[in-house]
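Participant:
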Amino acid sequence: MGHIIASLAIYVWVDVMLLRSACMCRPQAIAGGYPASTEETDDSTSTIENRERRESEGRRRMADWGPVVIAVVLFVLLTPGLLFQLPGNSRAIEFANLQTSGVSIFVHTILFFGLITIFLIAIGVHITTG
Numbered sequence: 004m005g006h007i008i009a010s011l012a013i014y015v016w017v018d019v020m021l022l023r024s025a026c027m028c029r030p031q032a033i034a035g036g037y038p039a040s041t042e043e044t045d046d047s048t049s050t051i052e053n054r055e056r057r058e059s060e061g062r063r064r065m066a067d068w069g070p071v072v073i074a075v076v077l078f079v080l081l082t083p084g085l086l087f088q089l090p091g092n093s094r095a096i097e098f099a100n101l102q103t104s105g106v107s108i109f110v111h112t113i114l115f116f117g118l119i120t121i122f123l124i125a126i127g128v129h130i131t132t133g
């Protein structure tokens, strides 16, 4: 049970780091934490007008769900022991044994990192909504 929790913790950490680096936007600017550009700090318009303009621009932006979908699918498919385990406990590869080990967690993490890098950076998968 401890290996499965460790596996999930490593996957979640890698997921967060990759999604944070894949997001090319400034989350504070979208949430209204600070102006997205210097044009919004013009003294001739009021703060309320700037806020309304940011909110209307935020509604027009399309959300990119590609990194989220790819990360979730790879997370489920590459969970050690769920579909396969590489290396297995008694063989090189075992299928659906629902067991794991430290070595298989490491191997599956490297596979996850490699595949998500290929899909998000090299191929550039984008799923937009809005």
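Each step along the sequence shown adds one to the number in the working numbering, with nothing skipped, and position 39 is 42. Even for Gly, the Cβ is constructed at its ideal location relative to N, Cα and C.
(1) Measuring straight from C-alpha to C-alpha, what distance separates Leu-86 and Asn-53?
(2) Of the residues Ile-126, Val-106, Phe-122, which one's Cα is nearest the Cα of Ile-13?
(3) Start and end of the alpha helix (DSSP H) containing Phe-122?
(4) Under 6 Å Cβ to Cβ from Gly-69, same chain only, skipping five residues before and after it: list those, please.
(5) With C-beta atoms as the reference, is Phe-109 less than 8 Å away from Leu-77?
(6) Quick one: residues in its chain with C-beta nearer than 6 Å to the C-beta of Phe-98, no 5 flanking neighbours on either side, listed in chain order?
(7) In whole angstroms, what is the alpha-carbon distance linking Ile-124 and Asn-92?
(8) Out of curiosity, what's the CA-to-CA distance linking Ile-51 and Thr-112?
(9) Find the nearest neighbour of Thr-82 within the set Ile-121, Gln-102, Phe-122, judged by alpha-carbon distance.
(10) Under three-state DSSP, which class holds Gly-127?
(11) Considering only DSSP beta bridges, list what Glu-97 is partnered with.
Facilitator: So, from the listed chains and residues:
(1) Here residue 86 corresponds to residue number 83 of the sequence shown, with the count starting at 1. Here residue 53 corresponds to residue number 50 of the sequence shown, with the count starting at 1. Each residue's alpha carbon lies about 51 Å from the other.
(2) Translated into positions along the sequence shown, residue 13 becomes position 10. Scanning Ile-126, Val-106, Phe-122 for the CA closest to the CA of Ile-13 turns up Val-106.
(3) The count along the sequence shown starts at 1 and reaches residue 122 at position 119. Boundaries for Phe-122: no alpha helix (DSSP H) harbours it, and the DSSP string shows neither H nor E there.
(4) Within the sequence shown, residue 69 is the residue found at index 66, counting from 1. Excluding positions up to five away in sequence, the list reads Val-128, His-129, Ile-130.
(5) Locating residue 109 in the sequence shown gives position 106, counting from the first residue. Locating residue 77 in the sequence shown gives position 74, counting from the first residue. No, these two residues do not count as a Cβ contact at 8 Å.
(6) To locate residue 98, count along the sequence shown from 1; it is residue 95. Result list for Phe-98: Phe-87, in chain order.
(7) Indexing the sequence shown from 1 puts residue 124 at position 121. Indexing the sequence shown from 1 puts residue 92 at position 89. One C-alpha to the other measures close to 33 Å.
(8) For the purposes of this step, residue 51 is taken as the residue at position 48 of the sequence shown. For the purposes of this step, residue 112 is taken as the residue at position 109 of the sequence shown. Cα to Cα, the separation comes out at about 47 Å.
(9) Taking the first residue of the sequence shown as position 1, residue 82 is located at position 79. Of Ile-121, Gln-102, Phe-122, the residue nearest in Cα terms is Gln-102.
(10) Along the sequence shown, read from residue 1 onward, the residue named residue 127 stands at position 124. In this structure, Gly-127 counts as coil in the three-state DSSP scheme.
(11) As a position in the sequence shown, residue 97 is number 94, starting the count at 1. Looking at the DSSP assignment, Glu-97 forms a beta bridge with Gln-88.
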